[in-house]
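Numbering follows the UniProt record's numbering, with no gaps: position 252 of the sequence shown is 252.
Here a beta-carbon is modelled for each residue, glycine too, at the ideal position from N, C-alpha and C.
Here is the structure we will look at, set down as structure tokens.
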Amino acid sequence: MASLKTTHRWCLAKNDPSLEDELAAGLDVAPLVARIMVAHGIKSVDEGRLFLTPSLERDWADPLLIPGMAEVADRVERAVRTGEPIAVFGDFDVDGITSTCLLTEALRTLGARVRPFIPHRFDEGYGLTCQALDRVIEACSPSLVITVDNGIAARDEVGHLIERGIDIVVTDHHEPADLVPVGIPVTDPKMAAHGPSRELAGVGVALKLVQVLGERLGNPNLWRAFTEVAALGTVSDMMTLTPENRALVADGIAHMRTTTRPGYVALAAVTRTDLATITADALSFSLIPRLNAAGRMADPALALNLLMARDAQEAARLAASLEEINQERRSIEAELTEQAEAIAERTYDGGRVIVVGGEGWHEGVKGIVASRLVNRYHVPTLLFSIEDGVARGSGRSVGAVNLFEAVEKCSDLLIRFGGHAGAVGVTCAAENLDALRERLGAVLAELPAEDFEDRGEVAATVRLSELDIDTIRQIGMLEPFGQGNKVPLLAACGVTMCDRAVVGKTGDHMRFVATDGASSVPAIMFRVPEVEELVNCDTVVDLVFEAVAECWQGRVKPKLMIKDILRRCDDDARCSAVGVASADQGASAVQALADALPADPATCALSSSARGRDLPVPADAERRAALAQLPYDQLTRSLVHALIGSATPHRAQVEALDALKCGRNTLAVMGTGRGKSLVFHVHAVREAILNGRASVFVYPLRALVADQSFHLAASLAKLGTRVGVLTGETPSDARDRLFGQLAVGKLDIVLTTPEFLSIHRERFAASRRIGFVVVDEAHHMAGAKGGDRTAYLEMPAILDLLGSPRVLAATATASTDVADEICRLARIDKVVVDAAVRDNLGLDDERDLANRENRLVSIVANGEKCVVYVNSRDQSVALCRTLRRRVPELGTRIAFYNAGLSRADRTAVEAAFRSGELTCIVSTSAFGEGVNLPDIRHVVLYHMPFGSIEFNQMSGRAGRDGAPARIHLLYSRRDARINERLLDAAAPERSVLVTLYRALQTMWRHGRSETGDDAFCASDLDIAQMCLAIDARTPVDERAVPSGLAIFEELGFARVWADGQTRRIAMIEHPGHVDLDRSIRYLEGIHARMEFSAFRDWALSAPARDMLARINRPITPQMSEGGTIDG
């Protein structure tokens, strides 16, 4: 099934954000109300103000503007003054009944002798039939008949009356055609091509006549007493709410809320309707159906008598009778619906029309049942009642299909027919029904499929959080609702239906709670198609609904009255747990990779790791040689273009590059996402290619080094530049190899940590090639004086030993004091500040949600480019699988990404995301570093980052193209505890390492004594259990064992090697004093934990505005006019 974006059932009204803001401010209404007003055609604040204040004094037009009104009033006035017997002749629908009631009561108030009449649907038919007129004449021998809501096409019937010496005047509102009576007064607003009263109902025309008569007969305000009657008929006849009708209905509803009319009060009582809060829309399913039932099922005079009743007991009796008739109508309707649906299921072949009929089917409900079949099958439907070999039917159309024209092409099969594009009445011989079905099917088969699509309008899409009681009540300011100002339908996209349940006696209603993860609103849908499927649906859906304020047990709360549920299932995709097309169906490499997603996330993580480390990316020697021939400035331009394409570096980037070119040590203060790395990447390559000098990039965290190195190595290799990584995780043999390459000029850039650089400064200096040192996230240098990251304090000595290379310190966070300390330690003599604010970014603070998965589903379901960050590889796989299952429409466009994937797979995912083939990436921190992806619209921090650096860099990847983008904080306090455990496993504390060392020594000695072998084999679990046996007070997580072994191996206390599928461990007999501070891996792990500890409390408690400020703007030092720090 389709989503709101792709469905043909609904269209979204055009919006105008600037006008919406103008209306919200100028009219003091909620933004959602302003959006609805724009959707309903309001074009200015003044127009909106008029719309919100309907007024009969202002909007009610002069009755004499209606053609023929003066002549009709003349004849009626004469009859009232002379006491002539008058008959008011109406119609059996509610407009006709209320018209008859209104005019009768008004004329009696003016002193007239008047009798009301309503034709019988079954015995007399519509309008001035001979049977009906005979009954009128017999009952009161009128000298004047006044028609209301009929008569405009009664030319022949009028002649019948005139022949009998009876005068007649016609008041009507239907379209005049060839049968307009002549020679008598006729008033109908549609006899004029234009005019303010063209859309009045029959009861509105009657009210205009009363206004004129009241003015002439000394009671000018009489008409205002009948607006509640006129409103009932206007709403029932679904008249367009022009300013005049809108004012009439608004005034009538206001009177209805305080009415003492016994008929209204009695009918409200049996329908359990609170008249004090009645709305125009509510009339359509409370009072109006009961009044209509009289005309459909029995004598319409019953409804008329109720409206005109003056005695409360009589009104109560009549109302009870009407309710019984309506219950009978509903019962017959339900029975007929069941019968008709059974026949349709048996005979409908999927064609373009349904034609069904049955003996004795009730005339009064055929149209209603036909409409139900149309709603179910979405094709035109004709439903016939058969009696004495004659089939009399009612037809209802769908979409843009003109059913009248289609029936007209079958006229040779019919006795008679009539109607309009949307509804027809047809009479034919019963034996012709099959031929009619076949002919109509052939006629309609020629129409395009889109003609059969019913398209309703959605006024606005909303966030569930917008649907508070105050806003819903403000929507009520747009009342009265009706034709031309329909009850606004809203849509919420990408929501989840929780707590689904089938309700109701018939078992076809469904109740649930709609949630986007951040907000939840109760909802109900009546007569749900495919209810069993929907009640089991846990995928994301789009909802079309009416928002109401429900009062229950004294509490008022929002509720959604659902009109449509759009399941976002891609019928063309394989909607399985993975939800991705298979590779042999022409899927891309990315889809094929996703299709191979294993059932167990842990398996995926292991299998990814098992692919082994990617081989070093070979540098492009030819490209390097070509670049070496370029002059310095041209080389700079070429490198910038190679790294950022056609984009232009901003002022601060150019200034920093120029400062480095001039030999100045530089501090660059730029906000997250403003391109600090471009500066040192370009300069490092310049130094390598033109001067043969190597560069050292110092990052505060080992994890950041790993994330940065992957793409940096690939992108700079294309420029002939070679990149290597040296951290505590680097094995000793790899360290030796890389230092050797550095010394002989085969390595141009080294990424490292301050601890590794400090401990191995002599090895770096021995290469005699270091010409450029970068300290990224340089604000960490300022914390060294307090004992945090003391390796930074060694920077002056390190720089001296390296031969005073050029230095670039880069950060987004440098207050004046911090900048002073950076400049002191890094010997900075030039400060470049970029104070630009990224005001395109917004932040949604949704920390500690009860169900963040539902919120994530809602974000991803909008289909905009989105990166979701999680805290581990297995979580990237598991969450990716969940999203594919719950957003199946986008199943093939969601992928996972982590450092365990091969270089080819990671590159394929990045390319697909860049091209738009993928819209959502679920990733660890590995995604985004070094990748130019400017159009990410959503960054979701699903789990808590491991520190402020991750937080800044992940968040800063949103909206780098300058277009609006949002950062969503979905992490929770529980994530903090999980992160701590993950960090403890990756960087064990001293007490854990002591216990682990004792356990390893115990197992090694035991193994040697038992087998004589100098090494033993043991799993991580075996070792963890031994730790528990040695010291139960210091439990060791089995996930910490590999990290501990790596630290011991680095310190020379243990040797670890693989023997086939087994790991063998040998311990050193007498290692001497264990100084953990000699392990770079251990020190780097400590600082990772310290980074998270410092970040955790801020990440959980900081106000959203502070968090956004950290992302979208730098903290800059105070600068003097000369460009130095003003300390």
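By how many angstroms is the C-alpha of residue j removed from the C-alpha of residue i?
{"i": "Asp-804", "j": "Pro-731", "result": "The sequence as given places Ser at residue 804; Asp does not occur at that position. C-alpha separation (whole angstroms): 29 Å."}
{"i": "Val-1056", "j": "Ala-734", "result": "15 Å"}
{"i": "Ala-1080", "j": "Thr-1002", "result": "Position check: residue 1080 holds Ile in this sequence, whereas Ala was assumed. Distance between the alpha carbons of Ile-1080 and Thr-1002: 26 Å."}
{"i": "Asp-564", "j": "Ile-524", "result": "11 Å"}
{"i": "Val-540", "j": "Asn-851", "result": "14 Å"}
{"i": "Glu-20", "j": "Gly-48", "result": "11 Å"}
{"i": "Leu-690", "j": "Glu-1049", "result": "40 Å"}
{"i": "His-1073", "j": "Phe-1053", "result": "10 Å"}
{"i": "Ala-231", "j": "Val-182", "result": "31 Å"}
{"i": "Asn-854", "j": "Arg-567", "result": "15 Å"}
{"i": "Ser-143", "j": "Ile-166", "result": "5 Å"}
{"i": "Ala-106", "j": "Ile-475", "result": "35 Å"}
{"i": "Glu-926", "j": "Ser-715", "result": "First, the residue type needs correcting, since residue 926 is Ala and not Glu in the sequence shown. Their backbone Cα atoms lie some 16 Å apart in a straight line."}
{"i": "Glu-255", "j": "Phe-226", "result": "In the sequence as presented, Glu is not what sits at residue 255; that position holds His. Whole-angstrom Cα-Cα distance: 9 Å."}
{"i": "Pro-1114", "j": "Ile-859", "result": "28 Å"}
{"i": "Asn-536", "j": "Cys-920", "result": "26 Å"}
{"i": "Thr-1116", "j": "Ala-668", "result": "10 Å"}
{"i": "Gly-295", "j": "Ile-118", "result": "9 Å"}
{"i": "Glu-341", "j": "Val-369", "result": "9 Å"}
{"i": "Asn-15", "j": "Ile-978", "result": "44 Å"}
{"i": "Val-837", "j": "Val-870", "result": "27 Å"}
{"i": "Phe-756", "j": "His-1006", "result": "36 Å"}
{"i": "Leu-110", "j": "Ile-332", "result": "43 Å"}
{"i": "residue 1132", "j": "Val-158", "result": "In this structure the chain extends from 1 to 1127, so residue 1132 is not present and cannot be described."}
Over the uninterrupted beta strand (DSSP E) stretch that includes residue i, give me the two end residues.
{"i": "Cys-101", "result": "From DSSP, Cys-101 is part of no beta strand (DSSP E) but of the alpha helix (DSSP H) over 94-109."}
{"i": "Val-939", "result": "938-941"}
{"i": "Ile-749", "result": "749-752"}
{"i": "Pro-934", "result": "No beta strand (DSSP E) contains Pro-934, which DSSP labels as neither H nor E."}
{"i": "Glu-20", "result": "Unbroken run through Glu-20 is the alpha helix (DSSP H), 17-27; no beta strand (DSSP E)."}
{"i": "Tyr-869", "result": "866-869"}
{"i": "Gly-127", "result": "Per DSSP, Gly-127 belongs to no beta strand (DSSP E) and is neither H nor E."}
{"i": "Phe-404", "result": "Phe-404 -> not in any beta strand (DSSP E); alpha helix (DSSP H) instead, spanning 403-408."}
Assuming residue i and residue j form a contact by the criterion Cβ under 8 Å, report the distance between their Cβ atoms to the nearest whole angstrom.
{"i": "Met-69", "j": "Lys-208", "result": "6 Å"}
{"i": "Lys-830", "j": "Thr-636", "result": "Contact flag wrong, Cβ pair sits at about 17 Å."}
{"i": "Leu-433", "j": "Gly-357", "result": "6 Å"}
{"i": "Asn-1112", "j": "Asp-834", "result": "About 13 Å; that fails the 8 Å criterion."}
{"i": "Val-994", "j": "Ile-1023", "result": "In fact, because the Cβ distance is near 14 Å, the residues do not count as touching under 8 Å."}
{"i": "Asp-844", "j": "Arg-966", "result": "6 Å"}
If you follow the alpha helix (DSSP H) that residue i is in, where does it begin and where does it stop?
{"i": "Cys-662", "result": "It is not in any alpha helix (DSSP H) - Cys-662 carries neither H nor E in the DSSP assignment."}
{"i": "Tyr-1082", "result": "1080-1101"}
{"i": "Ile-368", "result": "366-377"}
{"i": "Arg-624", "result": "621-628"}
{"i": "Leu-336", "result": "312-347"}
Check each candidate in the options and name the one with the smallest Cα separation from residue i.
{"i": "Glu-550", "options": "Val-994, Leu-467, Gln-708, Leu-307", "result": "Leu-467"}
{"i": "Glu-980", "options": "Arg-806, Ala-309, Gly-947, Arg-623", "result": "Gly-947"}
{"i": "Leu-933", "options": "Ala-819, Gly-673, Glu-889", "result": "Gly-673"}
{"i": "Phe-772", "options": "Ala-688, His-160, Asp-848, Pro-700", "result": "Ala-688"}
{"i": "Gln-339", "options": "Leu-322, Val-353, Glu-359", "result": "Glu-359"}
{"i": "Cys-866", "options": "Asp-845, Ser-902, Gly-959", "result": "Gly-959"}
{"i": "Tyr-997", "options": "Asp-542, Leu-267, Ala-1046", "result": "Ala-1046"}
Kindly examine the ligand MN and report whether one of its heavy atoms sits closer than 8 Å to the Cβ of residue i.
{"i": "Val-773", "result": "This structure simply doesn't include the ligand MN, nor any ligand for that matter."}
Checklist entry - Is it true that the region 502-510 meets the region 454-461, where meeting means three or more beta-carbon pairs spaced less than 8 Å apart? => result no
Checklist entry - Any chance the region 203-220 sits against the region 250-270, with 3 or more Cβ pairs inside 8 Å? => result no
Item to check | Inter-stretch contact at 8 Å, needing at least 3 Cβ pairs: the region 238-247 / the region 474-491 | outcome: yes
Next on the checklist: Count Cβ pairs between the region 52-64 and the region 83-95 that sit closer than 8 Å; are there 3 or more?
Outcome noted: no
Checklist entry - Do the region 820-830 and the region 796-812 meet, that is, are 3 or more Cβ pairs less than 8 Å apart? => result The region 820-830, when compared against the region 796-812, does touch it at the 8 Å Cβ threshold.
Next on the checklist: Tell me whether the region 630-647 and the region 788-795 touch, counting them as touching only if at least three CB pairs, one residue from each stretch, are closer than 8 Å.
Outcome noted: no
Checklist entry - Taking contact to mean at least 3 C-beta pairs separated by less than 8 Å, is the region 1061-1072 in contact with the region 915-929? => result no
Checklist entry - Touching or not, the region 746-764 and the region 693-709, by the rule of three or more beta carbon pairs under 8 Å? => result yes
Checklist entry - So, do the region 433-448 and the region 400-409 have three or more beta carbon pairs nearer to each other than 8 Å? => result yes
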